[in-house]
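Residue numbers (the working numbering): 36 to 316.
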């Protein structure tokens with residue numbers, strides 16, 4: 036059973052808005068967040084197998100303390116984060132976008148490989164588009180208007196972008212559908228590529244080597260089950276881990292904390308409210 040205390044804390048901290056229907060762009064999910072003003076926000080980020088955009092328009096800046104030690108604020112984009120990453124702020128309002136790595140290259144204009152372990156400002160990537168969307172989001176009267184504005188921007192940028200190889204997109208989706216349990220050598224054989232070629236193309240276009248991507252997808256699934264109150268030994272067995280110690284090591288590697296600590300993270304409680312029903316693709 037999911038921790039009721041974690042959910043109550045999440046609801047007390049955040050007003051969360053969701054679009055009435057999925058984005059018309061495959062691989063895009065959005066949610067709106069408004070800090071309820073119960074004091075400064077300071078939460079640990081739990082890694083997720085998507086590239087994340089934070090389009091902020093509130094009175095207080097959104098600040099990310101990255102694992103590299105650098106601090107970023109404002110409209111931000113993060114690659115596949117893991118380790119000691121924290122989000123801070125006060126009076127925060129933002130639209131958060133999760134991009135499947137399959138379309139991230141098209142939308143961002145850069146490979147997710149360039150964003151691994153880093154947080155960059157959208158001003159650096161998008162220039163005037165970043166400033167324009169912040170102003171538009173601040174002037175919008177409703178969350179639905181904000182989602183529509185964000186969708187329009189992402190669609191326009193995607194049209195000007197370059198898609199990943201179909202074989203790479205297929206391999207990513209097999210990893211996602213299998214919850215990280217697909218075997219890389221079998222994926223390579225299925226598309227008629229060598230393992231080395233798949234590794235190279237996948238790493239360049241998705242942002243992670245396929246084996247690392249599979250580990251992240253598997254971890255994401257396990258972390259949400261832990262947050263839902265599941266038994267760690269059963270989760271390990273059913274998620275493709277050798278044993279519970281293997282799960283423990285992976286959680287520690289991705290987050291820097293133990294599975295017990297991850298299970299109580301407010302980030303995952305908010306995550307379930309904002310993104311429930313959104314599959315990785």
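Idealized CB from N, CA, C, for every residue including glycine.
None of these values were measured; they are calculated from a predicted model.
Three-state secondary structure assigned by DSSP to residue i
| i | result |
| --- | --- |
| residue 278 | coil |
| residue 286 | helix |
| residue 228 | coil |
| residue 163 | helix |
| residue 296 | helix |
| residue 239 | helix |
| residue 265 | coil |
| residue 175 | coil |
Opposing strand residues paired with residue i [DSSP bridges]
| i | result |
| --- | --- |
| residue 156 | 111 |
Host beta strand (DSSP E) of residue i (start-end)
| i | result |
| --- | --- |
| residue 134 | 128-134 |
| residue 52 | 49-52 |
| residue 123 | 121-124 |
Same chain only: Cβ atoms within 7 Å of residue i, ignoring 5 sequence neighbours per side
| i | result |
| --- | --- |
| residue 142 | 134, 189, 192, 193 and 196 |
| residue 238 | 148 and 244 |
| residue 217 | 209, 210 and 249 |
| residue 50 | 69 and 71 |
| residue 252 | 84, 210, 211, 214, 215 and 315 |
Sequence-distant residues of the same chain with beta carbon closer than 8 Å to residue i, five excluded per side
| i | result |
| --- | --- |
| residue 293 | 283, 286 and 287 |
| residue 256 | 214, 215 and 274 |
| residue 310 | 64, 66 and 133 |
Spatial neighbours of residue i in its chain, beta-carbon cut-off 6 Å, leaving aside the 5 residues before and after
| i | result |
| --- | --- |
| residue 67 | 52, 130 and 178 |
| residue 262 | 298 and 303 |
| residue 254 | 285 and 289 |
| residue 202 | 226 |
Limits of the unbroken alpha helix (DSSP H) element including residue i
| i | result |
| --- | --- |
| residue 262 | 245-262 |
| residue 303 | 301-310 |
Could you pull out every unbroken beta strand (DSSP E) segment of at least 3 residues lying fully inside the region 56-110, listed in chain order?
63-70, 76-79, 86-91, 98-100 and 106-108
Could you give the uninterrupted runs of the alpha helix (DSSP H) lying entirely in the region 184-218, keeping only those of 4 residues or more?
201-212
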